[in-house]
Amino acid sequence: MRRDWTLARAALCSCVILALAGAGVAPRAYADETPLRVAVTLMPASFGDPFRTLGVPGDWVWRQIFDPLTESDDEGRIVPLLAESFENLGPNTWRFVLREGVRYANGRPFNAFSAKEVFDWLISDEGQATVVGWEMRRVSKVEAQDARTLIFTTWEPDPVLPNRLTSAMMVEPQAWRELGRQGFSRTPVGTGSYLLTDWQNRNGAVVLTANPYAWRPPGVSRVEMYPLRDHASRLQAALSGQLDIIMSLRPEQLDIFRARGFRVHADILRQILAFAFDVTGHPDSPIADVRVRQAFNHAIDRKAISEDILQGFAPPASQGSAPNVFGHNPRLRPYPHDPDKARELLAEAGYPQGFSTEVQVITGTYPNDLEIFAKLQQDLAAVGIDMAFRRVLFSDWIRQYFQGAWRTELFTLAWNTAPHNDALRPMEQYSCLKARPFFCDETLRAGLVAAGREMDTRRREALLHELALEYRRRAPSLLLLEYGHMWVVAPGLSGFRVRTRAPELYRVERVE
Amino acid sequence: MILSGLAQRLARLAILLLGVNALLFVALGLAGDPALMLAGEDPTPELLERIRAEYGLDLPVWQRYLVQLGRMAQLDFGVSIYTGQPALFMALEQLPGTLLMAVLSMGLTLVTAIPAGVWIGHRPEAASRRFGAALTAVAQGIPGFVMALVLIQLFVVRLGWLPSLGYAQPAAWILPSISLGFFLAPKLCRVVSAGVAEAMQEDYIRTARANGASMRFILWREALPAALPAAVALIGTQFAFLVSGVVLIETLFLWPGIGLLLLHSAQNLDFPVLQAICFVVALLVFAVNNLADALLRLIDPRLRPATQ
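Protein chains in written order, with our numbering: chain A, 77 to 588; chain B, 266 to 573.
Structure, rendered in C-alpha cells:
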C-alpha cells in the first residue's frame with residue numbers, strides 16, 4: 077500500500093514536471109529553503125479529504141492546499157476567492173464568475189467545468205453523506221455556463237450560499253475520480269499555494285512545498301506543520317526556537333514572547349464559549365425553568381474571567397455571535413454580574429436554597445480552562461448552585477451530541493458561527509430544527525425559518541437581531557466569552573494573517 | 266520436544282490474541298456507535314443505516330464478532346474510518362518509531378543500571394552505596410514525563426543544545442531515551458544490586474576471594490550472573506512496556522510512534538486502527554516475553570527441561 081502512495085506521489089510529481097515543461101511555466105525560485113515551522117494543536121483525522129469535516133483543525137492544513145470559491149475578509153464579510161465575483165440572480169439562483177488562469181497543482185486548469193464536477197459530487201448521494209456535502213443540501217443543480225461562469229440553482233432560497241461555499245474546497249476532480257476518495261486523501265491536489273509532500277515525516281510533521289502553479293505563490297518554499305496537542309510541548313518548542321508560528325498559547329505567556337520580538341495575532345472570527353442546558357433531556361430539572369437559566373447567567377462575573385484569567389483577550393459575550401458576525405445585535409449587552417438578582421430568580425423559580433447540578437466539559441480546548449471552571453464554580457456557589465464539573469473525552473462528547481442524549485444537565489457547547497460567519501447557524505443548533513434537539517422552543521421556529529430564507533440583506537439582519545433578543549430572553553445556555561485562537565509569530569517573518577480561522581501561510585515572507 | 270514446545274507457544278499466542286480481540290470487541294462496543302461519529306451532524310436515519318451497512322455495524326453482535334475474527338485470521342483489520350487507509354498498515358507504519366525509542370531507552374537503561382547495581386550490591390552497607398540506593402529509590406518515583414519536561418526545559422529551552430521534536434536527527438533521540446531510561450533504570454538497578462549483594466554472601470564467592478580472584482572478576486563473572494535471571498525477567502517486562510507505546514513521552518516529544526496513533530485513534534473511536542494496534546502490540550509483547558524466557562533458560566540451566 078505504501079508503494080501505491082509512493083507511486084501516486086511520484087506520478088503526481090512527474091505530471092507536474094512534464095506539465096511545467098509543456099506549459100513553459102517558470103516556478104518561483106527560492107533562495108532560502110529553510111522551512112517555515114508551524115505548531116498547531118491537531119491534524120485533520122481525515123488527512124486530505126476536505127469534505128469529511130468542517131472548520132478546524134482541517135482548515136489549518138486544507139486552506140494551504142485548496143481554495144474555495146469564497147472566504148471571509150478581515151471584517152468577517154464574505155468575499156470572492158477563486159470566484160472573481162458573485163451575484164444573486166433571483167431567489168433560487170446565484171451566478172459566480174471564476175478567476176481566470178488558475179491551475180491545480182498537477183497543472184490541470186481550474187475552471188467552471190472542473191468546479192461543476194466538484195459540486196456535482198457534493199450534491200450527489202455520496203457527497204451528501206459528508207459534512208460539507210450536507211452544507212450544500214439546498215443546492216439542486218450547478219451548471220457551467222462557460223469556462224468562467226457557474227450558475228447555482230437551489231431548492232429553496234438560500235441567502236447564505238456564498239457563506240456555505242467558504243468550506244467547499246475545490247479538489248482536482250480528475251485526481252479525485254482516479255485516486256478515489258481514500259487515495260486522494262493521501263495525495264490531495266488543489267489550487268492552493270502549497271502541495272502536500274508528506275503527511276508525517278520523521279519529526280511527526282506534515283510537510284508542504286510550494287505549488288509550482290500557485291496563483292498565489294508562497295513567500296516561503298517549504299512548510300512543516302507540527303501537531304503539538306500538549307501545551308507544554310508547544311511552549312517549550314517555541315521558546316527554544318524550534319518553531320516560527322505557534323497557536324494557542326496562554327494569554328499570560330504572551331508577554332514572554334513579545335519580549336523576544338514575537339508578534340501576537342488573534343482570530344477575528346470568534347466563537348462564543350458557553351455551556352448549553354439540556355432542557356429536552358431533563359424536563360423535570362430546575363434548568364427547565366427559564367428563570368433558573370437566567371439566574372445562571374446573572375451569577376457569573378464574566379468581566380473578572382475575561383480580565384483576570386484571560387488578560388482581556390476574550391471579551392464577555394452578550395449573545396450567541398461575536399460583533400463581526402452577520403446578524404450580531406449590537407444593542408445587546410452581556411448579562412450584568414448580579415448575584416442578588418440571580419438569588420431572586422432562583423427563589424421565584426422555587427429554589428431559594430439553590431440546587432446541585434453537573435456539567436460535562438472537554439478540557440484543553442482553550443487556554444486557562446481549568447481556572448475558568450474554578451471561577452464559575454465559585455460564582456455559582458455564591459448564589460447557591462453547586463455545580464460539579466465532569467471531564468469527558470471529545471469522542472464521548474460527540475457521541476452524546478450526535479445521539480442527542482446527554483448524561484448531565486449542562487454540557488460545553490460553543491456558539492460557533494465559523495466558517496459561515498452568520499449568526500443563524502448556531503441558533504438553528506439551539507432549536508427544534510436540530511434533529512435531536514437539546515433545546516426546543518416552538519415559538520422560535522417561524523423566525524428561524526424566515527431568517528433562513530430571507531434574501532433581502534437588511535430584512536434578514538433585522539430578523540436575526542430579533543432572534544438574538546429572543547434567544548437572550550430564553551437563555552438556552554450559560555453564555556461566557558467571545559474567544560478566538562491566538563497565533564504567535566517569530567521575529568523575522570512578515571505578512572502573517574488569519575482568515576476564515578486558518579493562517580494564510582502563503583503570505584509569510586522571511587525578512588532581514 | 267522442540268516441536269511440541271513451539272506448538273504450545275503458538276497455542277498460547279492464539280489464546281492471547283483471542284483474548285485481546287474479545288476484550289477489545291466488548292470495550293469498543295461499550296464506547297458507542299461509530300456510525301454516529303462518521304455521519305456528522307444531524308444524520309438522517311437513512312444515512313446512519315447506510316454507514317452501518319458499509320462497516321458491517323448492522324449485523325448482530327455475534328455475527329460481527331465472528332466476521333471480525335475471520336478477518337483477523339487473514340490479517341485484515343479493515344480500513345481506518347477516517348483516512349480509509351488499511352488499519353494494519355497504519356499501525357505498522359508507526360512501528361519503527363516505537364521500536365527505535367524502545368531500543369534506545371532500553372540500551373541506556375542497561376548501560377547505566379547494571380554497573381550501578383553491581384556497584385551498590387558489592388558493598389550495600391557502605392555509606393556511599395546507601396546513598397546511591399536511596400537515590401535510585403527516589404528516582405524510581407519520578408514518572409518519565411516529569412523528567413521529560415524538566416530535561417526539555419533545561420537542555421532545549423534554557424541551553425538550546427538539543428531539539429525536542431520528532432526523531433529525524435540523532436540529537437533528538439537523547440532526551441526521550443534519558444526520560445524513559447531514568448524511569449526504568451532505578452528498578453533494574455535495585456534488582457541487580459539485590460542479586461549481587463545476595464551472591465556476595467555465597468560460599469563460592471568467599472572461596473573465589475580466598476583463591477585470590479580479583480574483585481572485578483568476582484563481581485562481573487561470579488556475582489552478576491547470579492543476579493541476571495531476575496534482571497532478565499524485569500528487562501523483558503520493561504521492553505514489553507516500551508514496545509506497547511509510550512503515549513505521554515511520544516506526545517511530549519512529538520515522536521511518531523504507536524503511542525501517538527493509539528491516542529489519536531482512541532479519541533476518534535477509530536475502531537479498526539485500535540484493533541490493529543492492539544494486535545501488533547500483543548504480538549510484540551508475546552515475542553519479547555518469549556525472547557526473555559529463552560534468554561533465561563540460556564543463562565540459568567535450572568530452568569531448562571530435564572531432558573536437555
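A virtual CB, placed ideally from N, CA and C, is assigned to each residue, including glycine.
Beta-carbon spacing of residue i, residue j below 8 Å
i                : j                : result
GLY642 (chain B) : ASN279 (chain A) : Any property of residue 642 (chain B) remains undetermined from this structure, which presents chain B solely from 266 to 573.
PHE260 (chain A) : ALA220 (chain A) : no
GLU147 (chain A) : VAL155 (chain A) : yes
GLN140 (chain A) : LEU284 (chain A) : yes
ASN492 (chain A) : GLN347 (chain A) : yes
PHE465 (chain A) : VAL437 (chain A) : yes
GLY268 (chain A) : PHE142 (chain A) : yes
ALA538 (chain A) : TRP136 (chain A) : no
GLN250 (chain A) : ARG305 (chain A) : no
LEU528 (chain B) : VAL512 (chain B) : yes
SER309 (chain A) : GLU109 (chain A) : no
VAL564 (chain A) : PHE333 (chain A) : yes
TYR559 (chain A) : TYR442 (chain A) : yes
GLU193 (chain A) : ARG175 (chain A) : no
CB contact below 8 Å: residue i versus chain B
i                : result
GLY440 (chain A) : no
ASP414 (chain A) : no
GLN454 (chain A) : no
HIS289 (chain A) : One point to set straight first is that residue 289 (chain A) is Tyr, not His, in the sequence displayed. No - not a single Cβ of chain B is within 8 Å of the one on TYR289 (chain A).
ALA97 (chain A)  : Bear in mind that the predicted position of ALA97 (chain A) carries a pLDDT of just 49, short of 50, making it unreliable; the figure below should be weighed with that in mind. It does not: the Cβ of ALA97 (chain A) has no partner Cβ on chain B nearer than 8 Å.
GLY280 (chain A) : yes
GLN370 (chain A) : no
PHE333 (chain A) : no
ALA522 (chain A) : no
PHE123 (chain A) : yes
LEU581 (chain A) : no
Collapsed DSSP secondary structure at residue i in the structure displayed
i                : result
PHE338 (chain A) : coil
PHE431 (chain A) : strand
LEU364 (chain B) : helix
ASP222 (chain A) : strand
ILE564 (chain B) : helix
GLU383 (chain A) : helix
MET246 (chain A) : coil
LYS217 (chain A) : strand
GLN276 (chain A) : coil
TRP485 (chain B) : helix
ASN533 (chain B) : coil
GLN273 (chain B) : helix
ARG586 (chain A) : strand
VAL512 (chain B) : helix
ALA99 (chain A)  : Low confidence applies to ALA99 (chain A): its pLDDT is 49, below 50, so where it sits in the model is not reliable enough to give any reading.
ARG310 (chain A) : helix
ALA347 (chain A) : Looking at the sequence itself, residue 347 (chain A) is Gln, so the reference to Ala does not match. GLN347 (chain A): strand per DSSP, three-state reduction.
VAL283 (chain A) : strand
Any C-beta of chain A under 8 Å from that of residue i
i                : result
PRO521 (chain B) : yes
ARG336 (chain B) : no
ARG317 (chain B) : no
ILE417 (chain B) : yes
ASN533 (chain B) : yes
VAL497 (chain B) : no
GLY284 (chain B) : no
LEU517 (chain B) : yes
GLN466 (chain B) : no
SER429 (chain B) : yes
GLY349 (chain B) : yes
| request: Report the residue ranges of all alpha helix (DSSP H) runs contained in full by the region 320 to 371 of chain B; include only those spanning at least 4 residues, in chain order. | output: 326 to 338
| query | Is the number of C-beta pairs between the region 199 to 219 of chain A and the region 234 to 245 of chain A that are closer than 8 Å three or more? | reply | yes
| Between the region 228 to 236 of chain A and the region 198 to 205 of chain A, are three or more C-beta pairs nearer than 8 Å? | no
| Touching by the beta-carbon criterion (3+ pairs, under 8 Å), the region 404 to 413 of chain B and the region 510 to 527 of chain B | yes
| Every unbroken alpha helix (DSSP H) within the region 456 to 524 of chain A, with a cutoff of 4 residues, ordered by chain | 470 to 479 and 500 to 505
| task | Please confirm if the region 346 to 358 of chain B is in contact with the region 432 to 439 of chain B, defined as three or more CB-CB distances below 8 Å between the two stretches. | result | no
| said: Closer than 8 Å is the cut-off here; do at least three beta carbon pairs connect the region 331 to 343 of chain A with the region 444 to 453 of chain B? | reply: no
| query | Any chance the region 348 to 364 of chain A sits against the region 409 to 418 of chain A, with 3 or more Cβ pairs inside 8 Å? | reply | no
| task | Report yes or no: do the region 460 to 473 of chain B and the region 361 to 374 of chain B share at least 3 C-beta pairs separated by less than 8 Å? | result | no
| Is the region 450 to 459 of chain A touching the region 393 to 406 of chain A, taking contact as three or more C-beta pairs under 8 Å? | no
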